[in-house]
Amino acid sequence: MFLPKIKQPVFILGMHRSGTTMVTRALGAAGVHVGTILDHNSEALYGIDINDRILETAGGNWWSPPGLDSVLDAASNFQSELTGLDIYGTHLKHPSGRRLSLALAHSGPWAVKDPRLCFTLPWWLARFPKAKVIWVLRDEEEIVQSLLRRQRVEGEAFSDLTEETARELVRAYNEAATTNIKNSGVEVRMVQYKDLVSTDVDTQRKSWFSLYQFCKVRPGKMEGFARRSPKSATTTSSKPLAALPTNGPLVSVIVPNYNHAAFLDQRLESISSQTYTNIEVLLMDDCSPDDSRTVLEKWAAKDSRMTTLFNEENSGSPFAQWAKGASWAKGKYLWIAESDDYCDTDMLALHVQSMEANENAVIAYSHSHLVDENGQFLRDFKDDYAFIFGDTAKWAKDFTNEGKTEVAKHMVFSNTIPNASGILMRKEAFDKVGAPATHWRLNGDWLFYAKLLQYGDLVFHARPRNKFRFHSQTQRSRAISSYSAFDELLEMYTIFEKEGFAPLETINAARGQVAMWWAANVFSMDRSAEVWRNNRRLYNAFKKYKKGLGRYLLRSGAIKLLGQFFIYLGLKKPAKKLAARLFPKSFFAH
Numbered sequence: 110m111f112l113p114k115i116k117q118p119v120f121i122l123g124m125h126r127s128g129t130t131m132v133t134r135a136l137g138a139a140g141v142h143v144g145t146i147l148d149h150n151s152e153a154l155y156g157i158d159i160n161d162r163i164l165e166t167a168g169g170n171w172w173s174p175p176g177l178d179s180v181l182d183a184a185s186n187f188q189s190e191l192t193g194l195d196i197y198g199t200h201l202k203h204p205s206g207r208r209l210s211l212a213l214a215h216s217g218p219w220a221v222k223d224p225r226l227c228f229t230l231p232w233w234l235a236r237f238p239k240a241k242v243i244w245v246l247r248d249e250e251e252i253v254q255s256l257l258r259r260q261r262v263e264g265e266a267f268s269d270l271t272e273e274t275a276r277e278l279v280r281a282y283n284e285a286a287t288t289n290i291k292n293s294g295v296e297v298r299m300v301q302y303k304d305l306v307s308t309d310v311d312t313q314r315k316s317w318f319s320l321y322q323f324c325k326v327r328p329g330k331m332e333g334f335a336r337r338s339p340k341s342a343t344t345t346s347s348k349p350l351a352a353l354p355t356n357g358p359l360v361s362v363i364v365p366n367y368n369h370a371a372f373l374d375q376r377l378e379s380i381s382s383q384t385y386t387n388i389e390v391l392l393m394d395d396c397s398p399d400d401s402r403t404v405l406e407k408w409a410a411k412d413s414r415m416t417t418l419f420n421e422e423n424s425g426s427p428f429a430q431w432a433k434g435a436s437w438a439k440g441k442y443l444w445i446a447e448s449d450d451y452c453d454t455d456m457l458a459l460h461v462q463s464m465e466a467n468e469n470a471v472i473a474y475s476h477s478h479l480v481d482e483n484g485q486f487l488r489d490f491k492d493d494y495a496f497i498f499g500d501t502a503k504w505a506k507d508f509t510n511e512g513k514t515e516v517a518k519h520m521v522f523s524n525t526i527p528n529a530s531g532i533l534m535r536k537e538a539f540d541k542v543g544a545p546a547t548h549w550r551l552n553g554d555w556l557f558y559a560k561l562l563q564y565g566d567l568v569f570h571a572r573p574r575n576k577f578r579f580h581s582q583t584q585r586s587r588a589i590s591s592y593s594a595f596d597e598l599l600e601m602y603t604i605f606e607k608e609g610f611a612p613l614e615t616i617n618a619a620r621g622q623v624a625m626w627w628a629a630n631v632f633s634m635d636r637s638a639e640v641w642r643n644n645r646r647l648y649n650a651f652k653k654y655k656k657g658l659g660r661y662l663l664r665s666g667a668i669k670l671l672g673q674f675f676i677y678l679g680l681k682k683p684a685k686k687l688a689a690r691l692f693p694k695s696f697f698a699h
């Protein structure tokens, strides 16, 4: 007998006070069934009850949530007899639990909204495996202040938050959402609160249209949304810095150069001018065909801290230069300053101060801005964090994290350290790991950082002191559309799995994410027989980690063809932005 299928829901999640209520009410007005019995925050009471009881079983509540592992354990055994059909019937408050009756009662899209879904999402996805997620993101400080105002309002759920505990709560919800979304591979649409209430009408309309489209409902209200309270100021540093040192333990600075003569003066000036002065600098050259050696010799002649070491034959890998430089280095700390980048003059002093204050730290690094050949700003690396993780609040302020945790929760999904130029390493830890093998072309530094962080803490500074130059000669720009880059990633995750750097579920979710990146890039690669043969092999390797990969490939091909048409019309940049908006987890706007 034919029985109609119950549509899979959309789960609306995000930290309390992030704008989820506004989104839910707008979608409800457009025809999305958001529940029959709702509270004043447009949350279905049955959903609140389920999520509250899961959190209570795990030993917490909404404003004092338990650890995510405890929640997942509690959810795995919580009311296992409840089926998706039971939940849908409760959602509609329909007297019949029969599939046909429920389908006739409502045949359109439906949604469940509750911030607690950040923690309990896996329980719901076990019953609705093809559900989708809308994740609403708002500035951390704005949420903190809204939470503090809310708990003074009569009738709101009880909480006893301070500014510090409110901030910790926001981060706990966002981290839980990131982990659950990444590990599940659920289709997600991330939207920024600031865009939903933007004073720019076009931005506001585009943001709301994307949500209506995602829910497959006719667009409703798309403009006229506004903040309910003034925007609060944000900062990028959690506490005032002590006076930075100008002297201390020796730092060995390695400058591995190849063919970057045009950038060397700016690079070496930014090293020579560091306010921290106890440095030794090794200027290396790997048989550059340009005037690099002339520039390097000029700087070595005028700064006694600088020494040259030139190769007689090209090594074929920057990592061979890392190893050679590290064997020369005599300092307590090691800074590999890539020859085409540059930085603020206080970056080294800040990093030394951080490392000296924390004997467990093996890496200190500063946030990066990407710049072009002329040093002009291209983008903030937060754009990359947003593409991978959605929430960027983690990188809005200085933090220190245990290295193994950083790898297991974040670095497994992306190399969160943009490039070597922005970091200072403890030489003792570097020597234990060793430089990356020379066969790595694109991802050797990623694997190296993951290994290094097994030995200690990571310290991050939020001010963008490092300037990462991105240009036609950059290794990453040359390799990004090569199938070999994806072979490297698969090899890297094999090592992650073997070494136990993250749970297997998380590593497989990361492999699924890379599968989508591959599908988005495959039609930009060369069209030779070798490339097609290797991409067919990669498809067979990736498909077990990402369901529906064939559909992603077809979509990618269609978008590529459409993109070529836009390029022909001279509309490449708006076409890329449109693809990123429609398919945010596959296409990057930059």
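All residue numbers for the sequence shown refer to the working numbering, where the first residue is 110 and numbers rise by one. C-beta: ideal position from N, C-alpha, C; glycine also.
Euclidean distance between Cα positions of residue 596 and residue 380: For the purposes of this step, residue 596 is taken as residue 487 along the sequence shown, with counting starting at 1. For the purposes of this step, residue 380 is taken as residue 271 along the sequence shown, with counting starting at 1. Distance between the alpha carbons of residue 596 and residue 380 is about 36 Å.
Own chain residues within Cβ distance below 6 Å of residue 255, not counting five before or after: Within the sequence shown, numbered from 1, the residue matching residue 255 stands at position 146. For residue 255, where only same-chain residues beyond five positions count, the Cβ hits under 6 Å are 126.
Distance, residue 599 Cα to residue 361 Cα: Locating residue 361 in the sequence shown gives position 252, where the first residue counts as 1. Locating residue 599 in the sequence shown gives position 490, where the first residue counts as 1. Taking the straight line from one Cα to the other gives about 33 Å.
Collapsed DSSP secondary structure at residue 610 in the structure displayed: Counting from 1 along the sequence shown, the entry for residue 610 is found at position 501. In the structure shown, residue 610 sits in coil (DSSP, three-state: anything other than H, G, I, E or B).
Cβ contact (3+ pairs, closer than 8 Å) linking the segment 364-371 and the segment 442-461: yes
Close beta carbons around residue 150, own chain, < 6 Å, minus the five adjacent residues each side: Counting from 1 along the sequence shown, the entry for residue 150 is found at position 41. Around residue 150: 130.
Simplified DSSP assignment, three categories, for residue 239: Your numbering for residue 239 matches position 130 in the sequence shown. Note: residue 239 maps to coil in three-state DSSP.
Alpha-carbon spacing of residue 225 relative to residue 370, whole angstroms: What you label residue 225 is simply residue 116 of the sequence shown in a count that begins at 1. What you label residue 370 is simply residue 261 of the sequence shown in a count that begins at 1. So the alpha carbons of these two residues sit roughly 54 Å apart.
Alpha helix (DSSP H) runs contained entirely in the segment 170-237, provided each spans 4 or more residues: 177-185, 193-201, 208-214 and 226-236
Which of helix, strand or coil DSSP assigns to residue 462: Here residue 462 is taken as the residue at index 353 of the sequence shown, counted from 1. Residue 462: helix per DSSP, three-state reduction.
Cα-Cα separation, residue 593 to residue 395: For the purposes of this step, residue 593 is identified with residue 484 of the sequence shown, where counting begins at 1. For the purposes of this step, residue 395 is identified with residue 286 of the sequence shown, where counting begins at 1. If you take the alpha carbons of residue 593 and residue 395, they lie about 23 Å apart.
Classification of residue 679 by the beta-carbon crowding that lies within 10 angstroms, buried from 16 upward: Numbered from its first residue, the sequence shown carries residue 679 at position 570. Classification for residue 679: exposed.
Whole-angstrom C-beta distance between residue 200 and residue 144, which should lie under 8 Å: In the sequence shown, counting from the first residue as 1, residue 144 sits at position 35. In the sequence shown, counting from the first residue as 1, residue 200 sits at position 91. Confirmed, about 6 Å.
Residues that DSSP places opposite residue 474 in a beta bridge: What you label residue 474 is simply residue 365 of the sequence shown in a count that begins at 1. DSSP output for residue 474 lists 532 and 569 as bridge partner(s).
Inter-residue Cα distance where the pair is residue 292 and residue 480: What you label residue 292 is simply residue 183 of the sequence shown in a count that begins at 1. What you label residue 480 is simply residue 371 of the sequence shown in a count that begins at 1. When rounded, the distance between both Cα atoms is 33 Å.
Ordered list of alpha helix (DSSP H) runs contained in the segment 509-556, each at least 4 residues: 512-515 and 536-542
Exposed unless 16 or more other CB atoms sit within 10 angstroms - verdict on residue 120: Here residue 120 refers to the residue found at position 11 of the sequence shown. Looking at its Cβ environment, which holds 16 or more other Cβ atoms inside 10 Å, residue 120 is buried.
contact_flag[the segment 319-332, the segment 393-413] where n(CB pairs < 8 Å) is 3 or more: no
C-beta atoms of residue 630 and residue 477 nearer than 8 Å: Translated into the one-based positions of the sequence shown, residue 630 becomes position 521. Translated into the one-based positions of the sequence shown, residue 477 becomes position 368. For residue 630 and residue 477, no; Cβs fall outside 8 Å.
Best match in 190, 434, 635 and 633 for proximity to residue 539 [C-alpha to C-alpha]: Position 430 of the sequence shown holds residue 539. The shortest Cα separation from residue 539 among 190, 434, 635 and 633 belongs to 434.
Alpha carbon of residue 496 to alpha carbon of residue 656, nearest angstrom: The residue given as residue 496 occupies position 387 in the sequence shown. The residue given as residue 656 occupies position 547 in the sequence shown. Each residue's alpha carbon lies about 21 Å from the other.
Residue 494 versus residue 569 - alpha carbon distance: Taking the first residue of the sequence shown as 1, we reach residue 494 at position 385. Taking the first residue of the sequence shown as 1, we reach residue 569 at position 460. Approximately 14 Å, taken between the alpha carbons.
Rounded separation between residue 437 and residue 413 - CA only: Here residue 437 is taken as the residue at index 328 of the sequence shown, counted from 1. Here residue 413 is taken as the residue at index 304 of the sequence shown, counted from 1. Approximately 17 Å, taken between the alpha carbons.
Assigned exposure category for residue 671 - 16 Cβ within 10 Å defines buried: Stepping through the sequence shown from its first residue, residue 671 is reached at position 562. Residue 671 should be labelled exposed.
For residue 287, the three-state DSSP class (helix, strand or coil): Residue 287 sits at position 178 when you count from the first residue of the sequence shown. The answer is helix: DSSP assigns residue 287 an H, G or I state.
Through-space distance from residue 489 to residue 572, alpha-carbon basis: By one-based count along the sequence shown, residue 572 stands at place 463. By one-based count along the sequence shown, residue 489 stands at place 380. Between residue 572 and residue 489, the C-alpha separation is close to 11 Å.
Inter-residue spacing [alpha-carbon to alpha-carbon] between residue 260 and residue 164: Numbered from 1 along the sequence shown, position 151 holds the residue referred to as residue 260. Numbered from 1 along the sequence shown, position 55 holds the residue referred to as residue 164. For residue 260 and residue 164, the distance between alpha carbons rounds to 20 Å.
Distance between residue 203 and residue 703 (C-alpha atoms, nearest Å): Nothing in the structure corresponds to residue 703, since the chain is present only between 110 and 699.
Neighbour-count burial assignment, residue 700, 16 or more Cβ in a 10 Å radius: With the chain running from 110 to 699 in the structure shown, residue 700 is simply not present.
Unbroken stretches of the beta strand (DSSP E), 3 residues or longer, contained in the segment 474-504: 486-489
Rounded straight-line distance, which links the Cα of residue 509 to that of residue 557: Working through the sequence shown from its first residue, we reach residue 557 at position 448. Working through the sequence shown from its first residue, we reach residue 509 at position 400. Near 19 Å, if we compare the C-alpha coordinates of residue 509 and residue 557.
Paired residues, beta bridge with residue 576 - DSSP: Mapped onto the sequence shown, residue 576 falls at position 467. Residue 576 is bridged to 451 and 478.
Three-state secondary structure assigned by DSSP to residue 378: As a working mapping, residue 378 is identified with position 269 in the sequence shown. Correct three-state label for residue 378: helix.
Neighbour-count burial assignment, residue 352, 16 or more Cβ in a 10 Å radius: Residue 352 sits at position 243 when you count from the first residue of the sequence shown. Flag for residue 352 reads exposed.
Nonlocal neighbours in the same chain, by C-beta distance under 7 Å from residue 253, ignoring five residues either side: For this step, residue 253 is matched to residue 144 along the sequence shown. Same-chain partners within the cutoff: 272, 275, 276 and 279.
Integer Cβ distance of residue 541 from residue 564, believed to fall under 8 Å: Taking the first residue of the sequence shown as 1, we reach residue 541 at position 432. Taking the first residue of the sequence shown as 1, we reach residue 564 at position 455. Right, the Cβ-Cβ distance comes to about 6 Å (below 8 Å), so this counts as a contact.
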